[in-house]
Amino acid sequence: MKRIFTLLFILIFAITANAQFYLYDFEDGVDTTVWVPFANGKTGTNKDISVVLNPKMDTINSTDSVMMFVVHDDSDPWVGMFADAATVTISEESHILNMMVYKTKISPVGLKLELSLNSGATTSLYKDNTVVEGWQILSFDFAALKGKSYARLTVFPDFPAKRDSGTVAYIDNIGFQDESNTAIKEFEGTEMKIYPNPADHRVAVLYPEIRGVRISNIQGQEIKLLRFDPTNSQVVEIGELKPGMYFMTALTAKGDFTMQFMKK
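Just so we're aligned, residue 6 is where the sequence shown starts under the working numbering, counting upward by one.
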């Protein structure tokens, strides 16, 4: 069973305004049955997707089970998988769909919303992964579709302009980033995010090229200091902190940026 404390535990996913949970976290392999692969070459079958053990547990994704997609050499560039199991509703609060990816190559990754229940436009968004052989959170902003609901979610794990090789892609924890429990502040045109806020055991800090984080109490006294290789997101353990208000400082080459967060 998946470990409870994982980065995506702190991403609250929404399908409706009154019910918030992960859309797909591939817990215990259950989600495999709702996904259908397509365009994966002459020998492609449903067995090309399967829930497997996490190939590399790291600070971004320490869960046990993830979805593996084997992309064949002769697949179409738009090879992918779709699911009709959950209605996806885009709202003011929940319009950014996050997805964790682990790939051995850099190429576009896509999410597509289709089969609208209320005349929403079929829409595809793409992002290149920038990390190789490591987990990365990719965010897809569907704000243009606010108020629209969709019956189908499609994932394109590897969408090059032209197919020249196969690959293996791992997908995990697809769902909405809910602004109701995420602290957001803009620095020099770039948003810094801390979530969840308030938090119990772990908190995630997102900002480009973070080299370290510092936690201070409300008196300005340093409580914790972590340094690491540059990354765009970092999970920080805070279980040992006493309940109360603290300051989280992201250390970057451009300067240090500080935000408040609360420990439950």
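C-beta: ideal position from N, C-alpha, C; glycine also. Computed from a predicted model, the values in this text were never measured in an experiment.
Beta-carbon gap between residue i and residue j smaller than 8 angstroms
i: L28; j: F87; result: no
i: Y251; j: F262; result: no
i: L102; j: T128; result: no
i: V137; j: I111; result: yes
i: G115; j: Y155; result: no
i: D146; j: H100; result: yes
i: K153; j: N123; result: yes
i: K229; j: I223; result: no
i: D53; j: F74; result: yes
i: V218; j: T195; result: no
i: K269; j: P235; result: no
i: M264; j: M197; result: yes
i: V208; j: I243; result: yes
i: G49; j: P60; result: no
i: V93; j: L118; result: yes
Candidates the options: closest to residue i by CA position
i: K167; options: Y200, I220 and P113; result: P113
i: N66; options: E245, I220, Q141 and A149; result: Q141
i: A258; options: G244, K269, R232 and I220; result: R232
i: S238; options: R216, I223 and E227; result: R216
i: G260; options: E227, E214 and L246; result: E214
i: D79; options: D63, N51, G46 and V93; result: G46
i: N202; options: S96, V241, L130 and F161; result: V241
i: S96; options: V56, F181, L120 and E32; result: F181
i: L211; options: A204, I189 and E227; result: I189
i: W40; options: F161, G225, Q226 and L246; result: F161
i: A204; options: E245, K132 and N51; result: E245
i: H91; options: L58, A148 and T38; result: In the sequence on display, residue 91 carries Ala and not His. For the residues L58, A148 and T38, the minimum Cα distance to A91 belongs to T38.
i: A148; options: E98, L120, S121 and D169; result: E98
Contact belief for residue i with residue j at Cβ below 8 angstroms, rounded distance in angstroms
i: V173; j: T109; result: 7 angstroms
i: V76; j: G171; result: 5 angstroms
i: V106; j: L143; result: 6 angstroms
i: D30; j: G139; result: Contact flag wrong, Cβ pair sits at about 19 angstroms.
i: F315; j: P82; result: The structure shown does not extend to residue 315, since the chain is modelled only from 6 through 269, so no value can be given for it.
Reduced DSSP category for residue i - H, G, I as helix; E, B as strand; rest coil
i: D234; result: strand
i: L130; result: strand
i: K229; result: strand
i: F53; result: In the sequence as presented, Phe is not what sits at residue 53; that position holds Asp. Three-state result, D53: helix.
i: T263; result: strand
i: E32; result: helix
i: T48; result: coil
i: T254; result: strand
Beta strand (DSSP E) runs contained entirely in the region 72-160, provided each spans 3 or more residues: 85-88, 101-108, 113-121, 128-133 and 140-146
Secondary structure, alpha helix (DSSP H): runs of 4+ residues fully inside the region 170-215: none
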